[in-house]
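Residue numbers (the numbering used here): 6 to 155. Even for Gly, the Cβ is constructed at its ideal location relative to N, Cα and C. Keep in mind it's a predicted model, so treat the numbers as computed, not measured.
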Amino acid sequence: MTKKNMDDYLMDGIYGKRLPKQAERDYFLGTLRERIVLALTIGQVMSDKGLAALEETMQNHPKATLVFNGDVAYKYLKEEKDLADAYHIPYTIISNEEIETDIGAVLAYDYAIDKETIFLEEQEAEEETTENTNTNHDQSFFSKVKKWFS
6 MTKKNMDDYL
16 MDGIYGKRLP
26 KQAERDYFLG
36 TLRERIVLAL
46 TIGQVMSDKG
56 LAALEETMQN
66 HPKATLVFNG
76 DVAYKYLKEE
86 KDLADAYHIP
96 YTIISNEEIE
106 TDIGAVLAYD
116 YAIDKETIFL
126 EEQEAEEETT
136 ENTNTNHDQS
146 FFSKVKKWFS
């Protein structure tokens with residue numbers, strides 16, 4: 006093991022102590038990939054495409070915590086926060102102006118779980134959106150027919 010020199014102490018004092026896998030922590034909103042149950046992109050959070058998957062995952066993992074990207078506007082996080090409150094899951098918002106990431110929300114533990122697939126597949130998200138659209142369309146159609154006979 007090498008001894009620290011003066012430059013190392015100065016760098017630690019200025020920038021903080023270096024953490025292992027810092028690039029991975031930056032990308033996944035301060036946590037490691039091995040701790041993540043579900044990761045949603047900013048687009049999925051803003052369009053609520055992953056809302057059903059997030060709810061199902063919250064039901065299955067009630068001890069996890071939810072981390073949001075601070076770059077996502079507050080109005081887009083409302084449904085996710087309501088879900089977290091409903092399932093008593095704590096959430097935080099991480100804002101780091103220096104780091105660029107496309108991750109919008111992460112449901113994770115404080116310890117490693119090594120889940121193989123953490124991202125919501127785009128096809129699943131599109132099917133979920135299509136089902137919601139069809140349901141809304143059907144309801145509006147039936148309400149129109151009902152108005153005809155009223």
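(request) Pick helix, strand or coil for Tyr96, following the three-state DSSP scheme. (result) strand
(request) Report buried or exposed for Glu85, applying the criterion of at least 16 other Cβ atoms within 10 angstroms of its Cβ. (result) buried
(request) Report the three-state DSSP secondary structure of Thr46 (helix, strand or coil). (result) strand
(message) Can you look up Ile104 in the DSSP assignment and give me helix, strand or coil?
(response) coil
(message) Going by C-alpha to C-alpha distance, which of Leu34, Lys80, Gly21, Asp13 sits closest to Gly109?
(response) Leu34
(message) So the candidates are Lys9, Val111, Gly21; which of them puts its Cα closest to the Cα of Leu71?
(response) Val111
(message) Check for me: the beta strand (DSSP E) holding Asn74 runs from which residue to which?
(response) 70-74
(request) Within its chain, find whatever has a CB closer than 6 Å to the CB of Asp119; leave out the 5 residues flanking it on each side and keep chain order. (result) Glu39
(request) Count the C-beta pairs between the region 15-26 and the region 88-97 that are closer than 8 Å, then say yes if the count reaches three, no if not. (result) no
(request) Grab the span of the alpha helix (DSSP H) containing Gly18 for me, first residue to last. (result) 11-20
(request) Could you tell me whether the Cβ atoms of Ala69 and Ala113 are closer together than 8 Å? (result) yes
(request) Would you mind sorting Ile123 into buried or exposed? The rule is 16 or more other CB atoms within 10 Å of its CB. (result) buried
(message) Checking 8 Å against the spacing of the C-beta atoms, do Phe73 and Ile47 come in under that value?
(response) no
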